[in-house]
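Enquirer:
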Amino acid sequence: MTAVEPRPQTAEVRASKRTEILENRPVNLDGFVEEWPEKGLVAMESDFDPQPSIRVEGGRIVELDGRTREQFDFMDTFIADHAIDVDTCEQAMAIESVEIARMLVDPRTSRADVVALGRGLTPAKILDVVKLMNVVEIMMGMQKVRSRRTPANQAHSTSAKDNPIQVAADAAEAAVRGFAELETTLGVLRYAPLVAIGLQVGGQVGRGGVLTQCALEEATELDLGMRGITAYAETISIYGTESVFVDGDDTPWSKAFLASAYASRGIKMRFTSGTGSEVQMGNAEGRSMLFLEIRCILMAKGAGVQGLQNGSISCIGVPGAVPGGIRAVAAENLVASWMDLECASGNDQSFSHSAMRRTSRLVPQLFSGTDFVCSGYSGVPNKDNMFAGSNLDTEDYDDWNTIQRDMQVDGGLRHVREDVILQVRNKAARALQAVFAELDLPAITDEEVEAATYADSSDDYPDRDVLADLEGARSVMERGVTGLDLVKVLERSGFGDVAENYLQVLRQRVSGDLLQTAAIFTGDFVPLAAVNDANDYAGPGTGYRLSGERWEELKKLRHVTSAENPEEEVV
Amino acid sequence: MTVDLTPADYPLSINRPELLRTPTGKALADITMAAVVSGEVTAEDLRVTPETLVLQGRIAESAGRRQLGENCRRAAEMTAIPDAEVLAMYNALRPNASSAAQLEEIATRLEGTYSATTCAALVREAAEVYAARNLLADDSGEF
Amino acid sequence: MRPPLVVGVDVGNSTTEACAAEVDDAGPTRLASSLTPTTGVKGTPANAAGVVTAVRKALEAAARPGAVVDTVLLNEATPVISGLAMETISETIITESTMIGHNPETPGGEGLGVGTTVALAELGGQDGPVVVVVGAGADFDDVAHALNRAVEAGVDVVAAVLHGDDAVLVANRLTRPVPVVDEVAAVDRVPLGMLAAVEVAPPGRTIRTLADSYGLASTFALDAEQTRQVSPVARALAGTRSAVVVRTPEGDVTDRRIPVGSLTVSGATRSIDVGVDEGAEAVMAAIGRVAPLQDVSGEPGTHVGGMLAAVRDTMVDVTGQPAAEIRIRDVLAVDTMVPVTVQGGLAGEVSRENAVALAAMVRTSRSRMQAVADEVAAALGCDVRIGGVEGEVAVRGALTTPGSAVPVAVVDMGGGSTDAALLDRDGRTVAVHVAGAGELVTKLIDSELGLDDREAAESVKRHPLAKVESFFHVRHEDSSVQFFDEALPPHVFGRVVTVTPEGLVPVPVRRPVEAVRTVRREAKRRVFVVNALRALAQVAPQGSLRLLGSVVLLGGSALDFEIPAMVADALAPHGVVCGIGNVHGTEGPRNAVAAGLVDAHAAALVAP
Amino acid sequence: MTTATGTRTLTLREIGPAERGTRPEEVVIALSPAFGDPFTKTIVDVPHAEVIRQLLAGIEEQGGVARTIKVYRTADLAAIAHFGAKLSGSGIAVGILARGTTVVHQRDLARLSNLELFPQAPLLDAEVFRMIGANAAQYAQSRSPRPVPTRNDQMARPRWQAKAALLHLKEFECIDHARAAVEVEPVITRVD
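Chains as they are written, first to last, in the numbering used here: chain B, 6 to 576; chain W, 4 to 146; chain C, 76 to 683; chain D, 250 to 441.
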């Protein structure tokens, strides 16, 4: 019994041939359900969401969205005390929702103005505003309020066999294709140190300055970060109701403390949340998915974390199944950006059997641009994706590049010639081979390097001696191997350029520059954040425009007939 | 030392490197491959200092990001706390994990041992909310 | 000015060891040692990278990183390549669906039922006893219901054979209990209308009637000739808890030897052909008869031929030497048993078949250490010298073990080969390499336990066993019980595990700890103990172990938790003192060759 | 594997309060509030009667004994199963939600841990329930079963995630804080 099995035909009644064809379309393998607003199984338009309200007494918010302070649950308390600007909230709340919605869309209202106004709004008010916006207006808003001017993208680089060589080679390819961040996770958690090293080394081969992450439980994730083996963290989940938050064994205060802990070690970090998680866990407390997600966004803002990964994430099947659900998902990205947070905007989980639906789900983020359009895009075939599959994978690279070219939008990727890809994959594998040799880790054979150069999936690699690898992984942790050790090892084994790239990333710890909102590294190691690259969209002809060298780069595809000599293709 | 910082000072690594020091007092420019190879630069150097975190906090505030600024201040206070203790404190802040007295003990230690007053305030605030929301440590019932 | 810095380096099959020392007239002052994986096949230019790493690490350990090295001393590493193969030499074949002797975990009912086979759908109206045959897809409630109805209607149902895993369920629901055998995968090939017998023994017991030739004879009313013919059936069923035997006109079970090819073992004066299917003992005896062995070849076109050809090909690739010049210098054959699916069986029956495992070892006349030396010299910018023969140097290193004295023999048990050397009172040394070591042990454990998982086998080889009896305690293989304060991880609950530094690792077997332990120790005994004795006998004066004096164990296997004791126990009756090396009193069984090279170098400086 | 030919219905006849068992080899099957009543089948339409019948058959086939309880105060699978494990004479319980999600638990484990978890209800059919029952019985007898092979389907999310949430909500509606857990006798009746 699998989801790819066609639905059982309800027999007897004769169906037309057309119905048969339609019945067999992939979209009919997706699940759809009716709304149930009383229980929160509704995207964003529910009679059971509260009405906006605010009251300030003695410099303190004493009423929020219809509840008085003694009725507050801990989300209300945290949001009232940390997220909302007490001085401006009454004034902001007094503005008509439709007026605010128009300000979000209207290019003549500056980003700074709508962001400032947003600081004084309650969750219900924010919901009231975005409910007035259709999907195109949401995209208009997103184009203006996303925090970084230059859009970017993130990739998953994982292996069904936790093979560090595969992770390194795919990380190198992903980096050279343009991803600014690379994320990995494990099947066997004890493999983490080796896979995280593979990701970092491969990433720095592909393009210097790529930031890497390894999703694990808090202690190990923080440990790898503190050693400088990874560069940022993202899988710090928050939820929109108190009961689900507690089920997840956290509170806004514990997460706020954790946010400061990461910053204290100079490590970039963002939270993760998304529509549907609360209703999925059965405790939506009768609120719509988007209302609860707005509470998460304000909680994140209140905690002072620089950014948020949202866009339903692992619960995408829930908003995806209800009417208007994907509009709500676009709206949650908008609100995260409007609240002045870095937004890593989802598109990161298997979403639909239908290629058309997969694409349309992506359009709002790709066309308006976000800080990370996908969080992430599977830089490995989906069967190797240890985050349970993404909305896009390696098979979609050429489609993605073509859509960028068709629509003249920048989704952060580019077409790269085969020889370049083979070269970086091979170099990544060789660099990791050298690192393993120097660190006395189980050897990487030349056969594995060769496999990594030409492979697609984990099936294409020789099997590793898992026991020996795990033993090696343990010794990496026990010996206290740090990022700096890896830099030294790369330097002396003939990968000086990779070592230099890696050192540049570690050097940024000292400056703390990557702690600012939406910070990434350019290829020249210039930190690019919503401070020095603040979004300045103010209508047609302004903001980020795909032009010049970058546009020339995106005009290239695998097969483009040369105008000069139509018998040849452009290389 | 008070420095007035604006978004124009960002990135500090490029625009104001003279303000940055490693925990052992080296300048950013001292972190070179040669220094790494010779062992002059150690892992200890590749950490952020409380002073730098305060500077980044000021930049965040100058860009209108009050809460990010506060987070940087809490982080500056936390640089002094060893890794294991940071994790232990985080675990203690989980729901139903600590009694009011235990949380107060943490707050006192933050204040006393680490001069982390902002962090202490966050823990005290949590203790108050946990008490009101019945999230202090106790035994959960049967079904 | 500091005295010259010298680094001795030993390139081994799996590890490269280095020993850094300052050498002056007063002799060597050892500074530090290091260990790193060997790069490439031993004795080939690819070793250079590992040598350089080992030197660098030794200097780092000596707190003199980047110091100028005067001389690197390399051992004359003879490339020893080993190959492994295992061939099943017996098989059980069932023709015309006579027998199902498999061991479903949970048969139903008890006793013996003899009757004519009838399909479930045809049940009803039969005279005489019937054995009901139930195909795939039948539900246990439905089957029991149908059998009960048939019995009510007067049919004499005496047994049932099922496709699904439902025997207990069906048996529990019968108004008149009969033996039921289940999980017969090819139940549709059970011939109908034939006389059949079904036997199920009580839990913990094995069948008596069908596993006995005369029992079969009385069941099926066979004459003496027929009884002789069915004796393989009885043999095949011995030890099972349940069985079905159907008597068909042409049915037969045979038990035959598989021709897997023969080996031609050649000594200096003569060659002998020996069939591998004759077993390990015959092979080893043949090798003994032609000693000293000069080459071995396999019969072309056979399994054995293929295996030896593969070993030779690898050597050709590595050394660039023509295939004709490569000689197989030793073979170790070991008898083993492997679980094999019975051909023609109806229920995926498995029988434990005889097999022979072979380890072969190749040496070349041509070492390429000079190429390694040249590369190392270029990389480090220093003088590189190729020193004495491994065995000799190893003995010198071993002699630094406190308490050891000449004459002394060393045994180094590695992954592919077992090496021995002897230093006698006259200062002469003799060294040998014999085929078979750690890899073969892993292979034996893997196949005998039916793991089909090299990593699991490796873990069984390297670590002691235990049974996880609850979330809070385990019983180790020595019967000691260990308690834990925190609950053990769920995936080890109730399992046989290996106790590794990483924690407890489940072993995918359903056998008790004792059985797994026996397999492990037997495998080690048949390879390490046998080879230690075999190799020592070759270096011992007049081939007599008694004249050896003391034996020092070196190398990674000397660090194993039980091998040293097993070897020592085996040597004790010969009056030999055997212990684990402790090179220079600090290095344990490691670094003997590297340290020995330095010592030899220093001695040479003083001597002239 | 056998498949039932007829249609069967499940009635859970209440015997009395759920109490701690004493038989050292017993397996407790702990059912969620909506199991059997008001719901009658899993997310992929496996009848609850068949789920119970196969679990019991798996236990019986391995020579085990089973006791069934129904929990009303929580619809949290880990809590249901862990509660069942504490009442089980052997310490082993199988917890199951109306939509089919199943876990094998042991009383000494932390609530959120487990022996075997089958989180993807859409992939559980009669055959898997039989194997789960058989394994639970073996754990109860201190034997070492091979874990039931877990199935995985990345595309289960788009097809089933929302329906699972809906069924979960419906199950939550059936929580009755006033009602203590009871021991039940599963009565399976063939209706054709």
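By construction, the Cβ of each residue, glycine as well, lies at the ideal position given by its N, Cα and C atoms. All figures in this text were calculated on a predicted structure; none of them were measured in a lab.
1. Once you ignore the five residues that flank B:W343 on each side, which residues in its own chain have a CB closer than 6 angstroms to its CB?
2. CB-CB under 8 angstroms to W:E114, same chain, minus the five flanking residues each way: which ones, in chain order?
3. Looking at C-beta atoms only, is the number of pairs between the stretch 590 to 598 of chain C and the stretch 482 to 493 of chain C that lie closer than 8 angstroms three or more?
4. Interface residues of chain D around B:G279 at Cβ under 9 angstroms?
5. If I follow the unbroken alpha helix (DSSP H) through B:P369, where does it start and stop?
6. Nearest to C:R280 by alpha carbon, out of C:E180, C:Q304, C:V236, C:L198?
7. Run through the stretch 472 to 552 of chain C for me and flag every whole beta strand (DSSP E) of 3 or more residues, listed as ranges in chain order.
8. Just by C-beta distance, which residues in the stretch 226 to 247 of chain C are closer than 7 angstroms to chain D?
9. Can you tell me the Cβ-Cβ gap for B:M80 and B:P257, rounded? I've got them flagged as a contact below 8 angstroms.
10. Give the straight-line distance between the Cα atoms of B:I408 and B:R419, rounded to the nearest whole angstrom.
11. Just how far apart, CA to CA, sit D:A359 and D:G333?
12. Which residues, in chain order, does the stretch 325 to 348 of chain B contribute to contact with chain D at a C-beta distance below 8 angstroms?
13. For D:A306, decide whether its Cβ has a neighbour in chain C, counting only Cβ atoms nearer than 7 angstroms.
14. Mapping the DSSP letters down to three states, classify C:R443 as helix, strand or coil.
15. Beta-carbon separation of C:D287 and C:A272 under 7 angstroms?
16. Hey, B:L263 and W:Y133: beta-carbon distance below 7 angstroms or not?
17. By the 10 Å Cβ neighbour count, where 16 or more other Cβ atoms means buried, how is W:A104 classified, buried or exposed?
18. In or out: B:Q96 buried (at least 16 other Cβ within 10 Å) or exposed?
19. Please say whether B:D70 and B:T24 have beta carbons closer to each other than 7 angstroms?
20. What three-state label does DSSP hand W:T15 in the structure shown?
21. Let me check one thing: in DSSP terms, what residues is C:C94 bridge-paired to?
22. My output table needs one value for B:A568: the three-state DSSP class, helix, strand or coil.
23. Closer than 9 angstroms between beta carbons: that is the criterion. Which residues of the stretch 30 to 41 of chain W meet it against chain B?
24. Within 7 angstroms of any Cβ in chain B, is that where the Cβ of W:N137 sits?
25. Quick one: complete beta strand (DSSP E) runs, 3+ long, within the stretch 303 to 368 of chain C?
26. At what residue ranges does the stretch 171 to 233 of chain C contain a whole run of the beta strand (DSSP E), taking only runs of 3 or more?
27. Enumerated in chain order, which unbroken segments of the beta strand (DSSP E) with a length of 3 residues or greater are wholly contained in the stretch 185 to 263 of chain B?
28. Hey, could you find the ends of the alpha helix (DSSP H) W:Y93 is sitting in?
29. Expressed to the nearest angstrom, what Euclidean distance is found between the alpha-carbon atoms of C:T163 and C:N429?
30. Considering Cα atoms alone, identify which of C:V668, C:A129, C:V588 is closest to C:G463.
31. For C:A219, which residues of its own chain have a beta-carbon under 7 angstroms away from its beta-carbon, when the five flanking residues on both sides are left out?
32. Rounding to the nearest angstrom, what Cα-Cα distance links B:R116 and B:R422 in this structure?
33. Give the C-beta separation of B:Y402 and B:R182 to the nearest angstrom, bearing in mind that I take them to be a contact with Cβ-Cβ under 8 angstroms.
34. Look at C:T517 and C:A532 and say whether their C-beta atoms are less than 7 angstroms apart.
35. To the nearest angstrom, how far is the alpha carbon of B:P112 from that of B:V119?
36. Could you run through the stretch 401 to 425 of chain D and flag, in chain order, every residue whose CB is less than 7 angstroms away from some CB of chain B?
Expert: On the basis of the data shown:
1. Taken in chain order, the residues that qualify are G123, V150.
2. These residues qualify, in order along the chain: T120, A123.
3. Verdict: no, contact absent.
4. Within chain D, no residue comes near B:G279; the closest Cβ sits about 12 angstroms away, beyond 9 angstroms.
5. 360 to 373
6. Checked all of C:E180, C:Q304, C:V236, C:L198; the closest Cα to C:R280 is C:E180.
7. 483 to 488, 492 to 498, 504 to 510, 540 to 545, 548 to 551
8. G239, D240, D241, V243, L244, N247
9. 7 angstroms
10. 11 angstroms
11. 13 angstroms
12. G325, A326, V327
13. yes
14. coil
15. no
16. no
17. exposed
18. exposed
19. no
20. What sits at residue 15 of chain W in the sequence shown is Leu, not Thr. In the structure shown, the three-state DSSP call for W:L15 is helix.
21. C:G83, C:S108
22. coil
23. L31, I34, T35, M36, V39, V40
24. Taking Cβ atoms only, chain B never reaches closer than 7 angstroms to W:N137, which makes this a no.
25. If we require 3 residues or more, the beta strand (DSSP E) runs fully inside the stretch 303 to 368 of chain C come out as 317 to 322, 327 to 332, 337 to 342, 346 to 350.
26. 186 to 194, 204 to 209
27. 186 to 189, 216 to 219, 237 to 242
28. 86 to 95
29. 6 angstroms
30. C:V668
31. V245, R248, L249
32. 38 angstroms
33. 7 angstroms
34. Taking 7 angstroms as the Cβ cut-off, C:T517 and C:A532 qualify as a contacting pair.
35. 11 angstroms
36. So the list reads D402, Q403, M404, A405, R406, P407, R408, W409, Q410, A411, K412, A414, L415, H417, L418, F421, given in the order they occur along the chain.
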